[in-house]
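Residue numbers (my numbering): 7 to 601.
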């Protein structure tokens, strides 16, 4: 059969081939399509050798027609498909009537180059004469590659969604069919069997009625191009009846050139926000609690630089958030009232991941010092490394003031603010114990204001109180800071001179000087409350060192010496020890003789 006859027969059979929509050929002149079309047209003899090939063969495979004509089809078909294709060809040839079949196969050309083709074969017998097999091959390599990439992409998407724990849905907006992934269903407590993928009604039955119209409006706006993105939160009913908050994101399906794919599909994901919403609510509640807390709260980094404060902190210190954040605590509130050892102990505790509690004096913005009780708690990260410190501060200034007031009432004289009898005796006992160890002399001066009762009765208690306050100041000015002056009650004062040395004469001399200074200052005129008064005092002195003695006895002996001074005419002093008194008188006489 010559080429023209073969071509004529090919044209006749070609018109009988029915191809799928994917490879539907345009309706043009058949002969022109065969000669110049993109699809391979061929005819096989009874031995499956090519006896006709159109130019499309060479274009598609790169194999010249001369090297293919009269060569077996199986020289170009992948070896793994030989058996299958031989059986198909045999079946066509042995059947009566006209038969055809379609299949996909791989051509192996130019070494290892693989071309995927969709092949349709037809066999026809006329007048019981053997006829050759006619066929068309359509190159679907790009289509196969696209499908493979699509499958791989879908797998990757599936893996990503599985790893992200997101639900996946795919809505064909023309058929209204919606695919829901297993995770999408599990998010709501359903299995695949309990909630098969159907249509949009599945979603409509589960979405919160309050959210439904809002979501559908966003769908319409997004599809119409009025919204740039589809992203929305809404609630869906769980199988157990509770509401699940989901974040839905979606986009219209497009090809790699950005063109919409038809039928139009909206593809998206659901993220379960329930736990996150609960966490956000808890954080919100905790933040409100922190903001509303009565105690001042401060959060710092590991270097004590402030990162957050609550309003109570501002109320306590006077510093607003913008003034405190970013500033180191020591530069903001350090009062200088605590020593270096105090802070070393604090840092040693919190750096060891332990909670520190204690009282501290800090400084406000206006410079005012205040007392606070502070608790510092270290915060660690997942690696058990300290990342923050949380300090809770309670202003205890009022409590401290009350404690001091109670202490003052218990240990201090309310009028003169001097130590009272109770506190003085306590200090005297400590001094007695100490002098027995260090063997030094000390002195106790018992002072009584002469004729105080007359002033008090004549000018009233206010004048008497004013005189007592002034007397306390004058006595205090006559002694060292390390010595003690106290009011025992009424018009009686005591002075304790400590650590006067180990020499009795030196100790006596110092004591005498102090006592005479007190006598002199108390004899000066008092002015106040529209009165002028010149008073005097009597002082009894008891020296004590390492001899065994009791505080009460020392006070009693000084009191006795004071009465001796009064008996001696007032405005004078007397020692309880007769020898010391004699020595005092001797010195006084010498001063008069040589004065």
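Ideal placement from N, C-alpha and C gives every residue a C-beta, glycine not left out.
Quick caveat, the model's predicted, so the values are computed rather than measured.
Within the DSSP secondary-structure output, residue 113 pairs in a beta bridge with 83 and 121. Around the Cβ of residue 54, a 10 Å sphere holds 16 or more other Cβ atoms; the residue is buried.
Counting other Cβ atoms within 10 Å of its Cβ, residue 389 stays below 16 and is therefore classed as exposed.
Listed as beta-bridge partners of residue 538 by DSSP are 533. Classified as buried, residue 177 has 16 or more neighbouring CB atoms from the shown chains inside 10 Å of its CB. For residue 83, the closest alpha carbon among the candidates 125, 317, 558 and 385 is that of 125. Fully enclosed beta strand (DSSP E) runs of no fewer than 3 residues occupy 249 to 258 and 271 to 278 of the region 243 to 281, in order along the chain. In this structure, the alpha-carbon of residue 374 lies about 27 Å from that of residue 361. Under the DSSP definition of a beta bridge, residue 386 partners with 392. By the Cβ-count criterion, residue 216 is exposed, with fewer than 16 other Cβ atoms from all chains shown falling within 10 Å of its own Cβ. Collapsing the DSSP output to three states places residue 506 in coil.
The beta-carbon separation of residue 239 and residue 301, rounded to 36 Å, does not stay under the 8 Å limit for a contact.
Rounded to whole angstroms, the gap between the alpha carbons of residue 262 and residue 298 is 55 Å.
For residue 350, the enclosing alpha helix (DSSP H) has its first and last residue at 346 to 357.
DSSP places residue 403 in the uninterrupted alpha helix (DSSP H) bounded by 403 to 417. Residue 323 and residue 368 have their C-alpha atoms spaced approximately 9 Å apart.
Nearest to residue 118 by alpha-carbon distance, out of 140, 99, 107 and 81, is 81. A check of alpha carbon separations from residue 546 across 534, 529, 526 and 570 identifies 570 as the nearest. Secondary structure at residue 56: strand, using DSSP grouped into helix, strand and coil. Residue 268 is classed as exposed because its beta carbon has fewer than 16 other beta carbons within 10 Å across all chains shown. Contact annotation: residue 352 and residue 342 have beta-carbon atoms that are not nearer than 9 Å.
By the criterion of a C-beta distance shorter than 8 Å, residue 257 is surrounded in its chain by 235, 236, 272, 273 and 274, once the five residues flanking it on both sides are discounted.
For residue 67, the enclosing alpha helix (DSSP H) stretches over residues 62 to 67. For residue 323, the enclosing alpha helix (DSSP H) starts and ends at 317 to 323. The region 172 to 209 contains, as complete beta strand (DSSP E) runs of 3+ residues, the segments 173 to 178 and 184 to 186 (chain order). Around the Cβ of residue 384, a 10 Å sphere holds 16 or more other Cβ atoms; the residue is buried. In the DSSP assignment, residue 442 falls within the alpha helix (DSSP H) that extends over 427 to 444. The residues 193, 250 and 252, in chain order, have a CB closer than 7 Å to that of residue 278 in the same chain once the five nearest residues on each side in sequence are set aside. For residue 212, DSSP assigns no beta-bridge partner whatsoever.
Of the residues 474, 484, 490 and 503, the one whose Cα lies closest to the Cα of residue 532 is 474.
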